[in-house]
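Below is one structure, written out as structure tokens; comments come after it.
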Amino acid sequence: MFGVIVSGRPVLTEAQQITPTQFAFQLPSAPSFNHLVVFLLPGTALPPDTAAAVYVQLPPATDFKFLGAIANEKQSAIFKVDGIDAVSALNGGAGVPVTLGISVEPVAQIQQAMAAKQQQQAAAGVTGTELVRAGGPKNPATTKVLAQRIIANAFNFLASFAGNTANGIEVVPLKSFQDWWTKFEKKIEMDPGFLERGDQS
């Protein structure tokens with residue numbers, strides 16, 4: 478009735494049937510994974526007004542965590558699974574099985590579980606759909622502040638190369654500016670956030 482895909486592993490289609498509406502897959506926790514796909518097998522349809530809730534149980538916990546659901550209208554989904562690395566680490570990398578549970582439930586019951594999950598994610602600042610956590614630095618620097626920091630970085634570097642002309646005017650050799658620019662570009666490549674933090678070294 479259901480299939481599961483974990484990246485880099487064979488497709489699983491032989492679920493253990495616990496009850497007429499509950500199914501389980503045992504997934505080794507090693508090698509580690511963060512996402513899995515659950516889908517309805519071709520030719521399979523869920524009973525009317527039901528959907529398949531997807532749960533995961535991570536040892537040593539005995540409770541199941543709700544991940545989401547699939548239905549006749551949405552026959553497959555990718556689910557993010559947090560904590561697999563911790564399971565492997567706790568068990569010395571032995572690959573203790575993670576249990577994936579699938580339960581055919583009334584749509585209304587699954588909608589309540591989805592709403593509760595969304596509230597938890599909203600409280601944690603996670604929408605569940607982002608590939609990368611939004612935000613960046615807590616206090617992003619403005620363009621003006623960034624420009625001031627770039628100029629300060631250049632000034633601090635170039636000041637040590639300043640010399641005087643016969644008229645007493647301070648000058649900096651163009652090669653010194655080129656050296657600063659090369660060093661600055663390398664620093665940006667190695668640590669793109671140093672300007673936002675205000676590092677001037």
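Just add 477 to the spot in the sequence shown (first one is 1) and you have this note's numbering.
All C-beta atoms in this analysis are idealised placements derived from N, C-alpha and C, irrespective of residue type, glycine included.
Note that the coordinates shown come from a computational prediction; the quantities given were computed from them, not determined experimentally.
Residue range of the unbroken alpha helix (DSSP H) whose run includes residue i
i    : result
K663 : 651-667
V622 : 620-635
Backbone secondary structure at residue i - three-state DSSP
i    : result
N549 : coil
E673 : helix
Q597 : helix
V638 : Sequence inspection shows Phe at residue 638; the Val mentioned does not correspond to that position. Helix at F638.
I646 : coil
P497 : coil
A590 : helix
T539 : coil
T527 : strand
Rounded distance between the beta-carbons of residue j and residue i, thought under 8 Å
i    : j    : result
A530 : F516 : In fact, because the Cβ distance is near 14 Å, the residues do not count as touching under 8 Å.
M478 : A492 : 7 Å
G648 : A636 : Per the sequence presented here, residue 648 reads as Val, with Gly not at that position. Going by Cβ atoms, the distance from V648 to A636 rounds to 12 Å, so no, they are not a contact pair.
V483 : F510 : 5 Å
Residues that DSSP places opposite residue i in a beta bridge
i    : result
A554 : V515
L489 : V481
A507 : Beta-bridge pairing links A507 to no other residue.
Span of the beta strand (DSSP E), counted from its first residue to its last, around residue i
i    : result
V580 : A small fix is needed here, since residue 580 is Ser in this sequence, not Val. Start and end: 574-583.
Contact test: residue i Cβ vs the ligand FAD heavy atom, cutoff 7 Å
i    : result
P669 : The ligand content of the structure shown is nil, which means the ligand FAD is not present either.
Using 8 Å as the Cβ pair cut-off and three pairs as the minimum, do the segment 531-540 and the segment 574-592 touch?
-> yes
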